[in-house]
Amino acid sequence: MILRVQQTAETVVAEAQAGAFEPILLGLIVLLPLIGFAINGVAAILAARTAERRRWSSSSHHGGSEGEADEYSNETHSVMDAEPTGVVPWTHRLPSLVAPGVMLLAFALAVANLFGMMGVELEEPIVRTYWSWIPVGELQVEAALQLDQLSLLMTLVVTGVGALIHLFSVGYMSHDPGYPRYMAYLNLFVFFMLVLVLGASFPVMFVGWEGVGLCSYLLIGFWFSEKANADAGKKAFIVNRIGDFGFLIAMLLIFVDLGALGYVEVFERAPQLDYAGPVVTAICLFLFLGAVGKSAQIPLYVWLPDAMAGPTPVSALIHAATMVTAGVYLVVRASTLFAMAPAASLLVALVGAVTALFAATIGLKQWDIKKVLAYSTISQLGFMFAAVGMGAYVAGVFHLMTHAFFKACLFLGSGAVIHALHEAMHATHSHADAQDMRNMGGLRRYLPITFATMAIATLAIAGVAPFAGFFSKDEIVGAAWIGSAGELPLSQASLFGVGGGTWMGMIAILLSIAAFLTAFYMGRLMLYTFFGPNRTGEAERQHLHEVGWTMSVPLIVLAVMSTIGGFFNVDSLVPIVNLFSPFAFGGDAALHNWLHPVIIGAEEVWASNTAAIPEVHHASWPILLAILVGVAGLVLAAVVLKPQLLGTPEETPAYEGNLEKVLYNKWYVDELYQRIVVRPVWGLSRAFYSVVDRGTIDGIIDGVLGRGAMLLGLSAGRVQTGQVNTYAFIIIVGVIVVLGSIVVM
Amino acid sequence: MDFYRSHWVLTFLVFAPLIGAVVALVLPAARARWVALWTGVIELLVATPLFWTFEPVGAAMQNEVALPWIPNWGIYYRLGLDGISLFMVLLTALLLPLMVLGSWTYIKDRERVFYAMLLALTTGVMGVFVALDMFLFYVFWEMMLIPMYFLIGVWGGKDRIYAAVKFFLYTAAGSLLMLVGILYLFSRYQALTGESSFAYGDFLSLPLTSGEQAWLFAAFAIAFAIKVPVFPLHTWLPAAHVQAPTAGSVILAGVLLKMGTYGFLRFALPLFPGAASADTTVLLFMVLGLIGIIYTAMVAAVQPNAKRLVAYTSVAHLGFAVLGIFALNVQGIQGALILMIAHGVSTPMLFFLLGMLYERTHSYEIEDFGGLAASIPIFALMLVFAALASIGLPGTGGFVSEFLVLIGTFRVQPWIAFIAASGVIFAAFYMLPMVQRTVFNSLTRPANRAIPDLCGREIALLVPLVAIILWLGIYPRPILERMEPSVGRLIERVETSRFVSTPGEAVVASSASSSDEGIRE
Amino acid sequence: MLPLNAALFLSAILFAIGTAGVVVRRNAIILFMCIELMLNAANLAFVALSPYAGIDGQVIVFFVIAVAAAEAAVGLAIIIAVFRHAESVDIRNFSLLRW
Amino acid sequence: MTLDFASQADYLLALLPEIVLSLWAMLVLMVDVFQKGNRVEASRPVVAWLSLAGLVVTAAANGWLLTIEEAAVTGMVAVDSFRVFVNFIVLIAAALAILISIGYLDRRGINRGEFYALLLFATVGMMLLGAARDLILLFLALELMSVALYVLVGFDRRDPRSSEGALKYFLLGSFSSGFLLYGIALVFGSARSTNLSAIVPLLPSLQESPMFLIGAGLLLVGLAFKVAVMPFHVWTPDAYDGAPTPVTALMATGVKAAAFAAFIRVFAVGFAGIYNEWSVVLSWLALLTMFGANLIALTQGSVKRMLAYSSIAHAGYLLVAVLAANAYGAAAFLFYLLVYTLMTAGAFGIVIANSRGANELNKLDDYAGFGWREPLLGAVFSIFLLSLAGFPLTGGFIGKLYILRSSLEAGNVELAVSLVLASVISYFYYLRVVVVMYMRPAPAEEANRTVLLTGPGQLAMSVSAVAVLALFFVPGWVLDVAQRSVASLFTVPGTFFGLGP
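So the sequences go chain by chain: A, B, C and D.
For the first sequence, the residue numbers in this note's numbering are 33 to 777.
For the second sequence, the residue numbers in this note's numbering are 357 to 877.
For the third sequence, the residue numbers in this note's numbering are 438 to 536.
For the fourth sequence, the residue numbers in this note's numbering are 76 to 576.
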């Protein structure tokens, strides 16, 4: 790819203000995963060309072909389809080096940039323009990257967590026949994710936005031979496209009303719009629609649980740590616009809070370990949206970051569990579901590292101090309480005629309940998985063992980050939290200070459009409440749930009673959508085809015109009777007509 | 080089395929495909430098020529190239060798005639895009019907005759009305100046009353709308596509449909700017385009036949083009032009792939497939790529074009753009299930396990398409900047007359403005 | 001398009778006779008109008579040819060619 | 050289081509009689070639006509380039008919010398028809042509279809002659002359005379019958269908050309002064003809009969040119007639080529696979059909374009649009033949069917096809000639349609 650096005047200006800081190989950060993709892609094609055919020929005598495999859960394939013996071909060895390698390099570059940027006070983003992408008339879209505090932070998360997950994948996936393809997709995903976070304009972001959706689609359906997997991928893509539609409309509105699509210009001009006016509200609502799709919020969350059909590291990377948080990133990125649209912001917060609670309730009664984590993710994303909706942008980003750590850790941990169970079941040819928690139990003895790391991550997500989730979640709930006290700018806004303060009070309550439920279902997950007797089966138990280093190292690193991740943003003004100030990294409220240039636009909007905000009073009771619900949830789970009484899926029904049934069936939302959206659309489509296209249009053309002309011709031809008398008569009639007309004329 | 400054390059591009056709007919059958391939390659090699020799500055027609043909009627051999036709010419030249490669083993009988028809068809299409004499244009426009008719009717599927006749009658019916329109312009010009002329440039300066404009625009628009095809006139297309052999589908989707949109841009809009920019016209075509986008997308989704499905998607895509054209602003029209190119490579790619699949399985029915990614992974890769390009994923030309069209439309009709944007959802709604049921899911048909993956020839013909799709999506600027002057002039022409025209009054359509100097040699 | 109108009226009547005969009669020969009637009606008109319009009218009549004779020759031959196939000159029998 | 018709000898010069051909026809008759002792045996091909030679000589004489001019346009016989052009068309039609009849007559067992002689006599009649400037000459020419044709149609007297066709043609033909003659009588009575040049100055006064108008109407009917305008076309399908195919070809081309030439002379030129009176009804007849004939042609299963209806439809198109009633119309008419003659005669030639033995059945299905079996004739037929349909790349397109142009020039936009719409219908049935020829597989037993068109015939077809193509690609010269040929036509005093720019 051409990396001609065409520095625009703006870039030069930006750099002049940036002082000495010069981004280090910014383009290369993005490019590295793409290179990885290219190499792995070639390997994948070559592998497919040679290996796939052999696999089909060998599968016939390989004991269990598809019929058998179908009974296994999705994950079975990683084991079942592996080459039983033989030398590992180079196409399978190369990706192990290339894929994590490019990620580590990219991460290193990101870190280098971080250090460079920490050295200077960067007020304006740095925009690097590579080429002019879509220059048409007034529309000038550049292929440009923008480096600022927010995008760098996202880059760090994406490359850092991404590198760990790539490493984990080496252990997890290397036996899969599609391994090089998998790694290629994964690299491609990171590429698009980096485009998403580093893009300097909405269209460039949209490239990444749809690109990650594509990779998600490909990876969810990675084991495409099963219809369920392919269906899940398709569902994810189509649901995401609904969100993308919103994004697209938002871009159209932005361009038509502001005349630009680059962030710098848009946010400069945004204050020209009417504060809280219909235009900016519409823009924000459509942007939010995009975010809802990508980040799996109500009502478009339905694809995420299904997305668990993909390999577990994918769930960790895409559906927990990075892609699904893109919506949050979008809102923070467009914070200036959202600040202009208080009602839309409140709606964002409200949707987030409702989603947080709603998803948490479903998480209570899932047996599939990954499904629990999936709903947990939706729920946590709800927290983030609640935060950014309330204007607590940094809190949202903070939670995004810590969530990336602990949720990735949880997913990878669950992956390690599943992997271990698979191998065990594979060894004994068992057909049990390796993801059903009822088949687990007592695993802490067999998978000690996994258990320890997951336990830490659980504490983090439950919000137990001093783990990472405590700080970030606390900040969100705290912000809601503060807002309910009227001390946030948005408290002055209103939505549906109800004041912002009231809404935020409700949000605080919703989030608190959600936090409590979070702790409970996570405790349930840990109890059923790692405690109590082992329900895997006698024979299988012999084969249970801890995972290899490529998988455990990422777990450990993520566990460490889940532990200390909160210290990046310890606010000394908040009671109780300030107890941890001595441990804080980078000074007081480091993340706040770091991100301040990014959200300054929003603050300026508030400053000029809302009444002066009274001094913020940080009370200690909300913090105590937050700690309490977290601990209470875990304790309650420990007390109420009896892992030793749990049986295998055959012995224990999935649910008892109506409430459990509803929860287990996810409030029947999928069924509802099926009934009110999917089926009508299909029915309408069929009707269009048969009634309109075939019936009406072709009916008129072929039937009326075509056959009509034929019939007309036939009936006209009937005068040709062959009888001279008739002919003579016709001629006479003609004569009379002609004479009549000529004389009359 | 002089060759590229004179009309000879265009003349060569138009008639080289015809010569190739004659040669193919004369030589033994086994040679026919080689003749066609070489003709195609030469055509492409000759056409490619046009991209650079074309001067994107100034709005003038380039490589112009006017040689007398039937001088007593003012009929001249007039050719010319501008930013609008340049890419259509390049696209045609690109697709020709690829079509030959795509038919390499597909066509097993009557090769000589087949390749001759294919080449003759290319002549017709080329001619349409470079003709600047209305008579010449019409001749090329109609002439291309015959080879296409034979391609469908002789080498097509089961219902080929129905499809061929439907194709022919639809198109011919529309274009005959256009012929009356052309003649009307001719006689008006003669009445006005006393001279006979069919020159496009001369007609541009004709003053027409708004009533005349309306009728003439209708005559032209129907011809072009059928070709595009615009919503209620589209049913010939699925029929033709399903029955046509691969090369037929490819050229049909690749360039033939573009003749309709090209016709709007070259003739219907500039000749009758008042009628074309009238509010009712714009609204009518926008609504029809919109129906095309949503309705045909939905219809596409329920097709059991993969080729028919793709055929319907063409209607949906060109609905965007219609939208862009009638947005009558620079984003809309440039978007439509990019869409014409993007669709001109992505949809042919899909048809190529389906043709390859047909050669292996002798079926276009989606339910006969499934899980092909396991048995023919490279095919699957290509299909997924083509499908994604077709639904306009960013990074492919489809996105750039649809984005531009939507922006252009949004500026004039926000609500229509709003609904049209939902086309992105419907695109996924029709394309992904097809992809899934074709290459994903489990491989249930034993016969599909033993089929060979794409061979070198097939990959070689797909790779250029992939490259162009990505190029269009990533760096369309060289293309956009070559189009911009021509598009700018078109818009200026339409804009100026939009405000001048009043009912019943003759409108001298901006003939005084300097912008016309380019066309009127 | 007969007034012109009377002669023309007679000729018109004759012409109409001939025309009607062609429409209603079935026998080919009678049909032919009706046609002859029409021609002769025209002849009558020519003759009647010639005092007013010129002597040409009477010359024309001779031409017409000659033509009618030729027609009669050919026509009767054709009727005979037809009769050989159908053993009939009823024109209702001749509808091999229709539609 | 100038003719003033003051001396009767000048008429001999003015009628030179007709005289030459008449004499030649008698010569043919004699040669045929003397070449064989026994009348039962078939004529030798030499008779056909001799007839062709006669046509060539006549053509030369016809060409010579261009070198002479008339002193005044009052003569009974017109000596103008319009007539010359029409004569050439008629001669071409006759030549093509003879060429395709070689071999064909043998196969049907009707190879008699009279055939050629009658054909030549009919041709003489056609030529006179194009020359007639006097209504009585018109009537005589018409009868000369018709009487010969009655015989030709029924020439295969052993075939009931042929005899039946002849009977119908004869009965209806003389029926319509009756109308024509009565019309002439009425015109004569009211205008006191049968000479058009004498009538034209009187038109303003005759406009109100019902007798004259009725006479003109009957004339219109008589001519409409000959050119087969609906509803006076009723004889056409049956006569065309029943006649031996070369005769059909001649009737569809030469007869139509000559009768239309008379139409132009009488109405577009002579009765131009009462244009408003006859144009409305004729427009409606044109519409009826174009749509009706095309629609009925859609339903025909026999190619020959389909072509018969097609020729009726073309009469409708030509009427549009007549209705333009201006120089463009007449020139368009001449050009179209030329193309039409070539393509129609050509199409009937192919019908002969593909007929099965003596059996004249010519079902559409019989053409299955014809295009692949006979690549040359298939291509030639396709060219004729496309030209008939008025498709670009063929002369038929230019011809149709010319008619449309003249029609628009005259302000008849509705007629032009109708013509176009009617053509759309015609596309369907012309194309259907192509479909069957190329897209339907031939039945297995058909594989060895031979073409029943001899070498000269095939050559003639091919030359016609090339000519049809040439009339598209290089029509300039013919257009020029056509335009110049009508120049003299409109110099008749009293016509108000002068030459356009």
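By construction, the Cβ of each residue, glycine as well, lies at the ideal position given by its N, Cα and C atoms.
ask   = Should Q558 (chain D) and A406 (chain D) be called a contact, given that it needs their Cβ atoms to be closer than 8 Å?
value = In the fourth sequence, counting from the first residue as 1, residue 558 (chain D) sits at position 483. In the fourth sequence, counting from the first residue as 1, residue 406 (chain D) sits at position 331. It is a contact, given that the beta carbons lie within the stated cut-off.
task = State the DSSP-derived secondary structure class of V530 (chain A), mapped to helix, strand or coil.
result = Here residue 530 (chain A) corresponds to residue number 498 of the first sequence, with the count starting at 1. Reduced to three states, the DSSP call for V530 (chain A) is strand.
Member of B:T765, B:A519 and B:L627 whose CA lies at the smallest distance from the CA of L684 (chain B) = In the second sequence, counting from the first residue as 1, residue 684 (chain B) sits at position 328. Minimum Cα distance to L684 (chain B) is reached at B:T765.
query = Under the three-state reduction of DSSP, which class applies to I94 (chain D): helix, strand or coil?
reply = Translated into positions along the fourth sequence, residue 94 (chain D) becomes position 19. DSSP places I94 (chain D) in helix when its eight states are reduced to three.
request  = Would you kindly work out how many angstroms separate the C-alpha atoms of A803 (chain B) and L744 (chain A), rounded to a whole number?
outcome  = Residue 803 (chain B) sits at position 447 when you count from the first residue of the second sequence. Residue 744 (chain A) sits at position 712 when you count from the first residue of the first sequence. Taking the straight line joining both Cα atoms gives about 50 Å.
query = Of all the CB atoms in chain E, is at least one closer than 8 Å to the CB of Y721 (chain A)?
reply = In the structure shown, chain E does not exist; the protein chains are A, B, C and D.
query = Out of curiosity, what's the CA-to-CA distance linking G555 (chain A) and L280 (chain A)?
reply = Taking the first residue of the first sequence as 1, we reach residue 555 (chain A) at position 523. Taking the first residue of the first sequence as 1, we reach residue 280 (chain A) at position 248. So the two alpha carbons sit approximately 41 Å from each other.
ask   = Cβ of F552 (chain A) within 8 Å of Cβ of L668 (chain A)?
value = Locating residue 552 (chain A) in the first sequence gives position 520, counting from the first residue. Locating residue 668 (chain A) in the first sequence gives position 636, counting from the first residue. Yes; because the gap between Cβ atoms is below 8 Å, this pair is in contact.
task = List the endpoints of the continuous beta strand (DSSP E) containing Y433 (chain B).
result = Taking the second sequence and counting its residues from 1, the one referred to as residue 433 (chain B) is at position 77. Element bounds for Y433 (chain B): I431 to L437.
task = Could you list which residues in chain B have their beta carbon closer than 7 Å to that of G551 (chain D), in chain order?
result = Sequence index remark: in the fourth sequence, residue 551 (chain D) carries index 476 (1-based). Result: I426, P427 and N428.
ask   = Any Cβ of chain B within less than 8 Å of the Cβ of G745 (chain A)?
value = Your numbering for residue 745 (chain A) matches position 713 in the first sequence. Chain B, which has no Cβ nearer than 8 Å to the Cβ of G745 (chain A), makes this no.
inquiry  = Just verifying my parser: in three-state terms, what is the DSSP assignment at V231 (chain A)?
reply    = Taking the first residue of the first sequence as 1, we reach residue 231 (chain A) at position 199. Looking at the sequence provided, one finds Gly at residue 231 (chain A) rather than Val. Of the three classes helix, strand and coil, the one that applies to G231 (chain A) here is strand, per DSSP.
ask   = How is W399 (chain A) classed by DSSP in three states: helix, strand or coil?
value = For the purposes of this step, residue 399 (chain A) is taken as the residue at position 367 of the first sequence. If DSSP states are grouped into helix, strand and coil, W399 (chain A) belongs with coil.
Minimum C-alpha distance to L445 (chain C) - residue among D:A134, D:M202 and D:A260 = The count along the third sequence starts at 1 and reaches residue 445 (chain C) at position 8. When only C-alpha atoms are compared, the closest one is D:A260.
task = To the nearest angstrom, report how far apart V496 (chain C) and D209 (chain D) are at their CA atoms.
result = For the purposes of this step, residue 496 (chain C) is identified with residue 59 of the third sequence, where counting begins at 1. For the purposes of this step, residue 209 (chain D) is identified with residue 134 of the fourth sequence, where counting begins at 1. Straight-line Cα distance between these residues: approximately 14 Å.
message = I need the straight-line Cα distance from V159 (chain D) to E144 (chain D), nearest angstrom please.
response = Residue mapping note: residue 159 (chain D) aligns to position 84 of the fourth sequence, counting from 1. Residue mapping note: residue 144 (chain D) aligns to position 69 of the fourth sequence, counting from 1. Taking the straight line from one Cα to the other gives about 12 Å.
ask   = Using a beta-carbon distance below 8 Å, is V95 (chain D) in contact with chain C?
value = To locate residue 95 (chain D), count along the fourth sequence from 1; it is residue 20. No - not a single Cβ of chain C is within 8 Å of the one on V95 (chain D).
message = My output table needs one value for A116 (chain D): the three-state DSSP class, helix, strand or coil.
response = As a position in the fourth sequence, residue 116 (chain D) is number 41, starting the count at 1. Per the sequence shown, the amino acid found at residue 116 (chain D) is Glu instead of Ala. Looking at E116 (chain D) - three-state DSSP - the assignment turns out to be coil, as it is neither helix nor strand.
Integer-rounded CB distance, given that I655 (chain A) should sit under 8 Å from V609 (chain A) = As a working mapping, residue 609 (chain A) is identified with position 577 in the first sequence. As a working mapping, residue 655 (chain A) is identified with position 623 in the first sequence. Correct: roughly 6 Å between the Cβ atoms.
inquiry  = By the 8 Å beta-carbon criterion, what residues does the region 523-539 of chain B contribute toward chain D?
reply    = F524, L525, A528, A529, L532, L533, L535, V536 and L539
ask   = Since A117 (chain D) and N186 (chain D) are thought to touch, with beta carbons under 8 Å apart, how far apart are those beta carbons, to the nearest angstrom?
value = Numbered from its first residue, the fourth sequence carries residue 117 (chain D) at position 42. Numbered from its first residue, the fourth sequence carries residue 186 (chain D) at position 111. The pair is a contact, with the Cβ atoms about 4 Å apart (cut-off 8 Å).
ask   = From what residue to what residue does the beta strand (DSSP E) around V159 (chain A) run?
value = Residue numbering aside, residue 159 (chain A) sits at position 127 when the first sequence is read from its first letter. Here the beta strand (DSSP E) through V159 (chain A) covers I158 to V168.
ask   = Secondary structure at G294 (chain A), three-state DSSP: helix, strand or coil?
value = Within the first sequence, numbered from 1, the residue matching residue 294 (chain A) stands at position 262. It is a strand residue.
ask   = Any beta-carbon of chain D closer than 8 Å to the one on M475 (chain C)?
value = Taking the first residue of the third sequence as 1, we reach residue 475 (chain C) at position 38. Closer than 8 Å: yes.
query = Can you list, in chain order, the stretches of the beta strand (DSSP E) that have 3 or more residues and sit fully within the region 589-674 of chain A?
reply = none
ask   = Of the residues D:A123, D:V108 and D:D79, which one's Cα is nearest the Cα of P531 (chain D)?
value = Numbered from 1 along the fourth sequence, position 456 holds the residue referred to as residue 531 (chain D). Among D:A123, D:V108 and D:D79, the Cα nearest to that of P531 (chain D) belongs to D:A123.
task = Kindly indicate if chain D contains any beta-carbon less than 8 Å away from that of G512 (chain C).
result = Counted from its first residue, the third sequence places residue 512 (chain C) at position 75. So, interface residue.
key: Through-space distance from V510 (chain B) to E93 (chain D), alpha-carbon basis   = Residue mapping note: residue 93 (chain D) aligns to position 18 of the fourth sequence, counting from 1. Residue mapping note: residue 510 (chain B) aligns to position 154 of the second sequence, counting from 1. Rounded to whole angstroms, E93 (chain D) to V510 (chain B) spans 50 Å at the Cα level.
task = Return the CA-CA distance between W460 (chain B) and L818 (chain B), expressed in angstroms with no decimal places.
result = For this step, residue 460 (chain B) is matched to residue 104 along the second sequence. For this step, residue 818 (chain B) is matched to residue 462 along the second sequence. Each residue's alpha carbon lies about 14 Å from the other.
ask   = With DSSP run on the structure shown, which of helix, strand or coil describes L55 (chain A)?
value = Residue 55 (chain A) sits at position 23 when you count from the first residue of the first sequence. Note on residue identity: the sequence assigns Pro, not Leu, to residue 55 (chain A). Coil at P55 (chain A), not helix or strand.
Beta-carbon neighbours of Q792 (chain B), restricted to chain A and to distances below 7 Å = The sequence position of residue 792 (chain B) within the second sequence is 436, counting from 1. Going along chain A in sequence order, the residues near Q792 (chain B) (Cβ under 7 Å) are A262 and K266.
query = Alpha carbon to alpha carbon, what distance is there between D276 (chain A) and G753 (chain B)?
reply = Along the second sequence, one-based indexing puts residue 753 (chain B) at 397. Along the first sequence, one-based indexing puts residue 276 (chain A) at 244. So the alpha carbons of these two residues sit roughly 17 Å apart.
message = I'd like the span of the beta strand (DSSP E) that includes I426 (chain B), first residue to last.
response = Indexing the second sequence from 1 puts residue 426 (chain B) at position 70. Taken as a continuous stretch (DSSP letters only), the beta strand (DSSP E) holding I426 (chain B) covers Q418 to I426.
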